[in-house]
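Residue numbers (full-length UniProt numbering): 1 to 472.
Structure (structure tokens):
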């Protein structure tokens, strides 16, 4: 069954909502762009235009030239905003420090996040960027847009902002870069009422949830990433828009262990699709791969002669848990030892498929370096079903939040809280039993810490009874 949003979706028609004519959108020639110089000297930035790679400086110059040629009544903020931004950036290159004053109390009515206040500390020299606020726009699940929506947003942002955008930020979000305080409420109204699009998260709140392409286009998706991402975004609106956490908190949803949104490295709570039954094997297809009838890796490595496919070298020897063997023309898998890395399935997709009993693994605590260094997520729930209305997942989320909000220090991410308390105590508090899956190499760890209630008789011992059995 295809994913369908709960709310009715407004159909956006660019022809009815556009602000600029085609002539205004294409108001300069290639020759004019080639000869264009902004009003500030930016020698270091112009170095970034050299070489084979795309350059944000070249893109910004196009926007600056476009704004210079628009009529005054076709923009609601200063036409020089991009040129002044580049000029200030050159000063930052010269002096080795930023000239943005980050923060400030700025936003839209009723929301505590979604707008990042930014002010220049050189307003006399660069007056058009005295205010240069950023707005984060909540992206749709899997970042599916149509061109009518994108063109309408671009027109609106050119009219009320700088026209500069990032698609997308590392957490998600369509990032609108640079507008004035006076334009925030009109932009917010147009996004929510005219375009049916909310703003995203910022500050110490739930950040905009982000998911992979999921079952929309991927055969490996083991749960509906779009549906779960959408449900949690809608369900936790208060947490997303009204900061109440010790620090930021991120959900990311990977449909399978291939991890196309890298949730294991970039989210406080990572949902990774998995299975708990056996890998499905088509032995005839395995033989076809070995015989060279099927191209390994679904042809992803075409364009070079890699030689004959070697199942031992390319699959068996690369299994991280050594749970596979190819004997007498038959592939064998010890499924209880499989760590669900997906490598064998990726190499031989016609022969191997994930099991049918699917759900999610939940990992906690990944983050970039702020107070402590960067860290990867820790597996906490090896398997949980992920089916609407997702009450089991919501219950788990709220147990984790309750502990973090009670014990977390200011600007302490969940992963740092877990480090401070230690994994055994953390598991005890959130009510999750320890499991070998949580330890990278459990058979190499000789240390077992018992609790008194787990030991027959507890810690108390009668010395006379002991001596009756153990003489000096």
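Using N, Cα and C, we set each Cβ at its ideal position, and we do this for glycine too.
Being a predicted model, the structure only gives us computed values, none of them experimental.
- If you ignore the 5 residues before and after residue 261, its C-beta comes within less than 8 Å of the C-beta of 210, 211, 212, 252, 253 and 254, all in its own chain and listed in chain order.
- Annotated three-state conformation of residue 277 is coil, per DSSP.
- In this structure, residue 6 sits away from residue 237, with a CB-CB distance that is not shorter than 8 Å.
- The DSSP-derived three-state label of residue 247 is coil.
- If you draw a straight line from the Cα of residue 355 to the Cα of residue 221, it is about 12 Å long.
- Counted as a single uninterrupted DSSP element, the beta strand (DSSP E) harbouring residue 118 occupies residues 118 to 120.
- Remark: C-beta atoms of residue 333 and residue 279 approach each other more closely than 8 Å.
- Here residue 133 is buried, its C-beta having at least 16 other C-beta atoms within 10 Å.
- For the pair residue 173 and residue 205, the CB atoms are not nearer than the 8 Å cut-off.
- About 6 Å separates the Cβ atoms of residue 318 and residue 343, confirming a contact at the 8 Å cut-off.
- The three-state reading of DSSP puts residue 386 in coil, since its state is none of H, G, I, E or B.
- A distance below 8 Å between beta-carbons, with the five flanking residues on each side excluded, links residue 275 to the following residues of its chain, in chain order: 222, 340, 354, 355, 356, 357, 358 and 359.
- DSSP, read as helix, strand or coil, puts residue 460 in coil.
- In this structure, the alpha-carbon of residue 153 lies about 32 Å from that of residue 256.
- When the beta-carbon positions are compared, residue 170 and residue 214 stay at least 8 Å from each other.
- With a 10 Å radius around the Cβ and a threshold of 16 neighbouring Cβ atoms, residue 131 comes out buried.
- Annotation: residue 201 to residue 232 spans about 13 Å, alpha carbon to alpha carbon.
- Pairing residue 469 with residue 462, the inter-Cα distance amounts to about 11 Å.
- Spatial neighbours of residue 321 in its own chain (CB-CB distance under 6 Å, excluding positions within 5 residues in sequence) are listed in chain order as 337 and 339.
- Within 10 angstroms of the beta-carbon of residue 33 lie fewer than 16 other beta-carbons, which makes it exposed.
- Looking at the DSSP output, residue 252 sits in a beta bridge with 210 and 270.
- Ranked by how close their Cα comes to the Cα of residue 351, the residues 39, 297 and 424 have 297 in first place.
- Taken through DSSP and simplified to helix, strand or coil, residue 412 comes out as coil.
- CA-CA distance, residue 464 to residue 457, rounds to 15 Å.
- Bounds of any beta strand (DSSP E) do not take in residue 162, whose DSSP letter is neither H nor E.
- Out of 127, 144, 181 and 150, the CA that lies nearest to the CA of residue 135 is found in 181.
- Residue state for residue 19 is assigned as coil, using DSSP reduced to three classes.
- Distance between residue 150 and residue 401, taken at the CA atoms: about 35 Å.
- Residue 84 holds the alpha-carbon nearest to the alpha-carbon of residue 124 among 84, 176, 306 and 108.
- Annotated three-state conformation of residue 405 is helix, per DSSP.
- DSSP places residue 173 inside the beta strand (DSSP E), whose first and last residues are 172 to 177.
- Within the stretch 339 to 400, the complete alpha helix (DSSP H) segments at least 4 residues long are 343 to 347, listed from N- to C-terminus.
- Annotation: the continuous beta strand (DSSP E) that includes residue 324 extends over 324 to 327.
- Taken through DSSP and simplified to helix, strand or coil, residue 147 comes out as helix.
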